[in-house]
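Numbering (this note's numbering) for the first sequence: 133 to 728. Even glycine gets a Cβ: it sits at the ideal position worked out from N, Cα and C. Right, one structure below, let's go through it.
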Amino acid sequence: MEQILKNAIQQAVKHLYNKEIDTNILQVQRTKKEFQGDFTIVVFPLLKISAKKPQETAHEIGTFIANIIPEIKNFNVIGGFLNICLSQNFWSNFLQKTYRNENYGTTEKNLNSKTIVIEFSSPNTNKPLHLGHLRNNFLGDAIAKILDCTGNNVIKVNLVNDRGIHICKSMLAWKKWANNKIPTDNNIKGDHFVGNYYVAFDKEYKKQVDHLIAQTNMDIEVAKKNAPIILEAQEMLQKWENNDPETYNLWKTMNKWVLEGFEKTYYQLGIIFDKTYYESETYMTGKELVINALQNNMLEKSPDGAIFIDLKDQQLDQKILLRADGTSVYITQDLGTAVIRYNDFNFDSHIYVVGNEQDYHFQVLKIILQKFGYNWAKNLQHFSYGMVELPEGKMKSREGKVVDADDLIDEMIQTATQKTAELGKLENMEDQKKQLTIKMIAMAALKYFILKVDPKKNMIFNPEESIDFNGNTGPFIQYANTRIKSILRNAKEKNIEYKNNLNIDFDINNKEINLLSAIYEFPNILEEAAKKYSPAIIANYIYELVKEFNQFYHEYSILNEENPDYRNFRLILIEIISRIIEKSLFLLGIQAPDKM
RNA sequence: GGUCACGUAGCUCAGCUGGAUAGAGCAACUGCCUUCUAAGCAGUAGGUCGUGGGUUCGACUCCCGCCGCGACUACCA
Numbered sequence: 133m134e135q136i137l138k139n140a141i142q143q144a145v146k147h148l149y150n151k152e153i154d155t156n157i158l159q160v161q162r163t164k165k166e167f168q169g170d171f172t173i174v175v176f177p178l179l180k181i182s183a184k185k186p187q188e189t190a191h192e193i194g195t196f197i198a199n200i201i202p203e204i205k206n207f208n209v210i211g212g213f214l215n216i217c218l219s220q221n222f223w224s225n226f227l228q229k230t231y232r233n234e235n236y237g238t239t240e241k242n243l244n245s246k247t248i249v250i251e252f253s254s255p256n257t258n259k260p261l262h263l264g265h266l267r268n269n270f271l272g273d274a275i276a277k278i279l280d281c282t283g284n285n286v287i288k289v290n291l292v293n294d295r296g297i298h299i300c301k302s303m304l305a306w307k308k309w310a311n312n313k314i315p316t317d318n319n320i321k322g323d324h325f326v327g328n329y330y331v332a333f334d335k336e337y338k339k340q341v342d343h344l345i346a347q348t349n350m351d352i353e354v355a356k357k358n359a360p361i362i363l364e365a366q367e368m369l370q371k372w373e374n375n376d377p378e379t380y381n382l383w384k385t386m387n388k389w390v391l392e393g394f395e396k397t398y399y400q401l402g403i404i405f406d407k408t409y410y411e412s413e414t415y416m417t418g419k420e421l422v423i424n425a426l427q428n429n430m431l432e433k434s435p436d437g438a439i440f441i442d443l444k445d446q447q448l449d450q451k452i453l454l455r456a457d458g459t460s461v462y463i464t465q466d467l468g469t470a471v472i473r474y475n476d477f478n479f480d481s482h483i484y485v486v487g488n489e490q491d492y493h494f495q496v497l498k499i500i501l502q503k504f505g506y507n508w509a510k511n512l513q514h515f516s517y518g519m520v521e522l523p524e525g526k527m528k529s530r531e532g533k534v535v536d537a538d539d540l541i542d543e544m545i546q547t548a549t550q551k552t553a554e555l556g557k558l559e560n561m562e563d564q565k566k567q568l569t570i571k572m573i574a575m576a577a578l579k580y581f582i583l584k585v586d587p588k589k590n591m592i593f594n595p596e597e598s599i600d601f602n603g604n605t606g607p608f609i610q611y612a613n614t615r616i617k618s619i620l621r622n623a624k625e626k627n628i629e630y631k632n633n634l635n636i637d638f639d640i641n642n643k644e645i646n647l648l649s650a651i652y653e654f655p656n657i658l659e660e661a662a663k664k665y666s667p668a669i670i671a672n673y674i675y676e677l678v679k680e681f682n683q684f685y686h687e688y689s690i691l692n693e694e695n696p697d698y699r700n701f702r703l704i705l706i707e708i709i710s711r712i713i714e715k716s717l718f719l720l721g722i723q724a725p726d727k728m
């Protein structure tokens, strides 16, 4: 419709003012709620051409296009704004067409569909997941779903950071202080069990650094490099990379504990990957890449033996790619992983869902791969999202200052259980189904809370304030849908059938037009969300739609509408709304209960 | 020091490529359940959009300076 209007305006301008214009300069937008109309044309940009007052120009154009577009019922002019009202006929046709299309809004895949690899989650196997990881997982999963429904072949991959100095830290701490205890001894989830040793390592490390400074007056940076425990960890990493059997076995055992823990958390989150990569299996490729590049004179070697690349020509610094002791750093494995993935999937683009604290890392990664001659590296994209912060600042795993993911999920389920009991609406539900419903509600509250925020922005989470279940929340959206489901159930019970051949002999009210207009927007919303990688756009859209629906629901009855044609119209309308709600929630990774 | 983000109501956030009187939710206060589910609806109160300039018919939105907060600038990840 926008395009039809734009073309008509183009014609109008030609006819009225004898000027050719590009439709790109035209502004057609949805009319704001306070004004009467469906679409609004902003005439200010046309004033230079018409050389007339805004009102006059708007009237002339309005009259002209109302004549050539039969769907226009009438128009009004306020200031420089030309508001177009469409006829009932337009809307009822739109409604019926939409009702017929089960996949309204989604783009079908075809031979030209792009293959997109999306990496998210990427946990370290030395500590449990926290709220920051939740944002990562929710964003990654939602973006994957959004890209999938907008016509792309999406491959969700995880990269488990299961090797490196940080892993050795928790291994070393366990070796020193655990007395061979294992998670089941204390009935602790494996990832939490290992995480405790990571924290313990850091505590001891700090102690030793302070001690060194006090004893020898050492500079803090020097002390950090010389604390006995860090030297021991470095030694352990060398042993690991040299396949020392004892180290390797300990590593294997502890990783298993952590991964078993993660599996439970992923299950709770409802997140599944198409493929999981392990750093321990990809870092060697990275190492080989670096060594080859060195032989081809693309890299330099420092006197102590570390291999680095000089990126001065890119206004960047030198970047170490292999340590002096020959072990790999973080970027080494990422180089290898990228190459392996390109060989695996031959992707058109690759998205890394990783926090904005790693902007520099990915900038460097991309440049290095391009320098190595991989042309496809230009299609690597860092989807850089904002951090989740606590009121007192950044979360720090090492210091135990985190909102633990498992704890938070448990808390949400508890709250949902309590609220559900208070409201007493699920008392007749079978227990197992009730538990599932409660979990759906709890996870909706959590996921929506995180996804409704613009991904690019940092967000603050205050653990003192619990996550809401009222207002602009996941449960609010779910609730509106259960209202619709309930009406549709009642209609069935009363044997009210509704058909798709509408007979419009009544006047559609304003609320209904608003709803139709919101439904009309849905495909654009999906496209924009896909373009910007922003689930928040969908969350905010669905909230607006649901608010509009609730007002409609409050003001008008559907089943008690006496005119059967009108009742028919409303039933179709709300069924489409329910479809859109469910599809939107699905894209956010949220399930929709049928009763709550 | 350098690079990059961000700064909208007490709190958490919307505000599309510049467009009509800056919007929600939470918290506070007031109404509405013999009527399709009140996890709802309606209303009151709350703002010099960090600040000073510039571009424009028009700036929360674009450009520059300043202030504030943060991230990065590791042979950590």
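Val249 sits away from Phe494, with the two beta carbons spaced by 8 angstroms or more.
Residue range 512-517 is occupied by the beta strand (DSSP E) that includes Ser516. Distances from the alpha-carbon of Gln450 to those of Ser460, Thr459, Asp457, Lys433 put Lys433 closest. The three-state reading of DSSP puts Gln447 in coil, since its state is none of H, G, I, E or B. Restricting attention to Thr189, Asn221, Tyr580, the CA atom closest to the CA of Leu214 is found in Thr189.
A Cβ-Cβ separation of about 5 angstroms places Val289 in contact with Lys407 under the 8 angstroms criterion. Distance from the CA of Ser666 to the CA of Asp273, rounded to the nearest whole angstrom, comes to 11 angstroms. Taking 8 angstroms as the upper bound for CB-CB distance, Ser481 and Gln513 are in contact here, some 6 angstroms apart. The criterion of a C-beta distance shorter than 8 angstroms is satisfied by Ile609 and Ile713. With contacts defined by Cβ atoms closer than 8 angstroms, Phe638 and Asn695 form a contacting pair. Excluding five sequence positions before and after Asn511, the CB atoms of its chain that fall closer than 8 angstroms to its own CB belong to Phe479, Asp480, Ser481, His482, given in chain order. Between the alpha carbons of Asp342 and Asp563 lies a gap of roughly 56 angstroms. DSSP places Gly487 in the strand class (E or B) of the three-state scheme. Thr569 has its alpha-carbon roughly 27 angstroms from the corresponding atom of Leu658. Cα atoms of Leu454 and Ile439: separation of roughly 5 angstroms, rounded to the nearest angstrom.
In the structure shown, the three-state DSSP call for Gln168 is coil. Rounded to whole angstroms, the separation of the alpha carbons of Thr348 and Glu420 is 41 angstroms.
Within the DSSP bridge table, the entry for Asn208 names Asn215 as partners.
Burial is judged here by how many other beta carbons sit within 10 angstroms of a residue's own beta carbon; Lys138 has at least 16 and is buried. For Lys589, the number of other beta carbons within 10 angstroms of its own is below 16, and it is reported as exposed.
For Gln168, the CB contacts under 8 angstroms within the same chain, skipping 5 residues up- and downstream, are Asn208, Asn215, Cys217 in chain order.
In this structure, DSSP gives Gly556 a state outside helix and strand, which the three-state scheme calls coil.
By alpha-carbon distance to Asn682, the top candidate from Leu431, Ile709, Pro177 is Ile709. Considering only Ala724, Phe593, Tyr399, Leu279, the residue with the shortest C-alpha distance to Ala612 is Ala724.
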